[in-house]
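In case it helps, my numbering puts the sequence shown at residues 327 to 753.
Every residue, glycine too, gets a C-beta built ideally from N, C-alpha and C.
Everything numeric in this text was worked out from a predicted model, so none of it was measured.
Data block below; observations after.
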Amino acid sequence: MMRWTILFGILGLSWHVKCEEGLKYDNHSLVRLIPKTEQQLSAVHQLPDAGEMEVLKRSRMVNDSFDVLVPETKKGYMEDFAKEHGMDFHVKEDNYGRSFAPVQRSARRRSNQRLNIFGYNSFDTINAFLEQTAAAHPGLAQVQPLKRSSQGRQLKLMKISTNPGANNPIIFVDAGIHAREWAAPAMAVYLIHRLTSDPAAREDELNGVDWYILPNVNPDGYEFTRYSRGNRLWRKTRSRSSARSDCFGVDGNRNYGFKWGVSGVSRDPCNQETYAGPEPFSEPETRMVRDVMMENAKRLKLYVSLHSYGNYLVYPWGYTGASLPDDWRKLDTLAHKVSKAIVGAGGSPLKVLSAGHWYPAAGGSDDYAYGVVGVPYSYTMELTDGYEFQLPAKMLPKLLPQFYEGFKEFARNIRSEFGTVRSRDAE
Ligand code: 0X9
Ligand code: ZN
């Protein structure tokens, strides 16, 4: 028995090592194609998002880049593809994985330390920050413990309100469903910091509006990306079910139960990007977000899911590019206002459109919030551009306050459309 255990142990270890090796990008190149015509645009959309090539960002329109990680063995194929379609072919970076090392070292050094507002903090550090914030501002901030991730990490929801009894409209922000998109939890942490520590916030963005913030929906995936540079580009959760296969994880943003699986998903559990899961809400992480939405459905007026990258602000429908919600103009107008506020603060404009016009992908949290929960304003925000998933932490002090101005604009509009009383008057 012991011998079998050891044998299986060794086999398991070698499988694991093989699997981990498959995630290393040292000999991958980041290839950037820039479609300049509609034909070229539809050609890049036909490129497979599976196997050894990993699409990091899809083009929205002509002149918008299509970024894909390509192993050495497939570089020639990509070059031919670009030539055949008359497209520019740039190798943005060879040996892509090597550039991860410094980020990882600093990430590890910081784990379990004091929170750095302009840094990439560990999940434990973020959770400790939530508790400290609630303890420091008892009348303003409250932590609601949720359930546990697949690997047992406790998720915590931060509720910020100047008057919790007032039944204010709620803005719900989540971040980090995609593990490698580190700018997203960083933004969520900064939001919590500003809302609780900036006295001006009480008069403005917290006036008559409550904020519920879940700063890291996918802690297992996030910690996995921090663990070694080979895992830095992991996107999915880290669940594992022997019934499914030997592969790990589900794309949380394909796992929500609205039009589940109808577009933009993979059915293959080993697909590292868009596996939708064995069924809707197979993941404890997406179930927790669903439950927060459902429990607060009546008061929930705005949902923003933070992602990176590309500077987009997209709204339903995401599952299709063939139709739009009846009131899409309202969603579009508010998104443009938010983009304008960010530009006003010196930031870059956001590309505003329906998610399905960018590329159809079903099972996203934005569609679920809008289509099932009935949240009137629902968005996915893709933060930052130009550094893919490796935005240097030194850029956060400039970028996060710019995005924050966008959130202030969100709050102003939610208050003016849904607020009944000013929170101070209701006391
Ligand atoms: O594909 C996604 O899940 C999001 N982009 S990302 O690069 N962060 O992975 C966009 C989701 C947009 N919403 C829907 N398609 N529902
Ligand atoms: Zn994402």
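Extent of the continuous alpha helix (DSSP H) run through residue i
i: residue 694; result: 691-694
i: residue 733; result: 722-744
i: residue 450; result: 449-462
i: residue 657; result: 654-670
i: residue 546; result: 545-553
i: residue 368; result: 364-372
i: residue 398; result: 398-410
Buried/exposed call for residue i, threshold 16 Cβ in 10 Å
i: residue 569; result: exposed
i: residue 545; result: buried
i: residue 746; result: exposed
i: residue 439; result: exposed
i: residue 615; result: buried
i: residue 741; result: buried
i: residue 621; result: exposed
i: residue 634; result: buried
i: residue 374; result: exposed
i: residue 402; result: exposed
i: residue 708; result: buried
i: residue 646; result: buried
i: residue 399; result: exposed
i: residue 655; result: exposed
i: residue 413; result: buried
i: residue 421; result: exposed
i: residue 378; result: exposed
i: residue 372; result: exposed
i: residue 473; result: exposed
i: residue 383; result: buried
Own chain residues within Cβ distance below 7 angstroms of residue i, not counting five before or after
i: residue 702; result: 627
i: residue 734; result: 530, 531 and 667
i: residue 566; result: 574
i: residue 370; result: 359, 361, 385 and 392
i: residue 363; result: 388
Cβ-heavy atom distance, residue i to ligand 2, below 7 angstroms
i: residue 599; result: no
i: residue 544; result: no
i: residue 504; result: yes
i: residue 493; result: no
i: residue 714; result: no
i: residue 507; result: yes
i: residue 579; result: yes
i: residue 633; result: yes
Cutoff 6 angstroms; reference residue i; Cβ partners in own chain excluding five residues on either side
i: residue 699; result: 619 and 623
i: residue 511; result: 501, 502, 541 and 542
i: residue 347; result: Because residue 347 carries a pLDDT of 36, less than 50, the predicted location of this residue cannot be relied on, and the following value inherits that uncertainty. So no residue of the chain qualifies.
i: residue 430; result: Residue confidence for residue 430 is low, a pLDDT of 48 falling below 50, so the modelled location carries little weight and cannot support an answer.
i: residue 694; result: 582 and 584
Opening and closing residue of the beta strand (DSSP E) in which residue i lies
i: residue 476; result: Careful: residue 476 lies outside any beta strand (DSSP E) and carries neither H nor E.
i: residue 537; result: 536-540
i: residue 620; result: Where residue 620 is concerned, there is no enclosing beta strand (DSSP E), although the alpha helix (DSSP H) it sits in stretches over 610-621.
i: residue 416; result: 414-419
i: residue 639; result: 638-641
i: residue 708; result: 703-709
i: residue 634; result: 626-634
i: residue 678; result: 677-680
i: residue 361; result: No beta strand (DSSP E) holds residue 361; DSSP gives it neither H nor E.
i: residue 501; result: 496-501
Residue i Cβ short of 7 angstroms to ligand 1 heavy atom set
i: residue 390; result: no
i: residue 603; result: no
i: residue 362; result: no
i: residue 690; result: yes
i: residue 393; result: no
i: residue 529; result: no
i: residue 383; result: yes
i: residue 644; result: yes
i: residue 640; result: yes
i: residue 410; result: no
i: residue 731; result: no
i: residue 658; result: no
Sequence-distant residues of the same chain with beta carbon closer than 8 angstroms to residue i, five excluded per side
i: residue 428; result: Below a pLDDT of 50, predicted positions are generally treated as unreliable, and residue 428, at 44, falls in that range; no measurement from the model is reported.
i: residue 365; result: 411
i: residue 423; result: 350, 351, 352, 353, 354, 555, 556 and 558
i: residue 514; result: 499, 500, 501, 502, 539, 540, 541, 542 and 632
i: residue 665; result: 639, 675, 676, 678 and 732
Ligand 3 heavy atom lying under 7 angstroms from the CB of residue i
i: residue 463; result: In terms of ligand content, the structure shown lacks ligand 3 and carries ligand 1 and ligand 2 instead.
I want to know whether the segment 486-506 touches the segment 524-536 - three or more CB-CB distances under 8 angstroms.
Using a C-beta cut-off of 8 angstroms, the segment 486-506 makes contact with the segment 524-536, since at least three inter-stretch Cβ pairs fall below that distance.
Contact between the segment 409-420 and the segment 352-365 is defined here as three or more beta-carbon pairs at a separation below 8 angstroms; is this criterion met?
Yes: the two stretches touch, three or more of their Cβ pairs being nearer than 8 angstroms.
Three or more C-beta pairs under 8 angstroms: does that hold for the segment 594-601 against the segment 571-586?
In short, these stretches touch, since the Cβ pair count reaches three.
Across the segment 719-735 and the segment 513-524, are there enough close Cβ pairs to call them in contact, namely three or more that are closer than 8 angstroms?
Verdict: yes, contact present.
Three-pair Cβ contact test at 8 angstroms for the segment 599-607 versus the segment 665-684
The answer is no - the segment 665-684 does not touch the segment 599-607, with fewer than three Cβ pairs under 8 angstroms.
Touching by the beta-carbon criterion (3+ pairs, under 8 angstroms), the segment 577-590 and the segment 683-697
Three or more Cβ pairs drawn from the segment 577-590 and the segment 683-697 lie within less than 8 angstroms of each other, which places the two stretches in contact.
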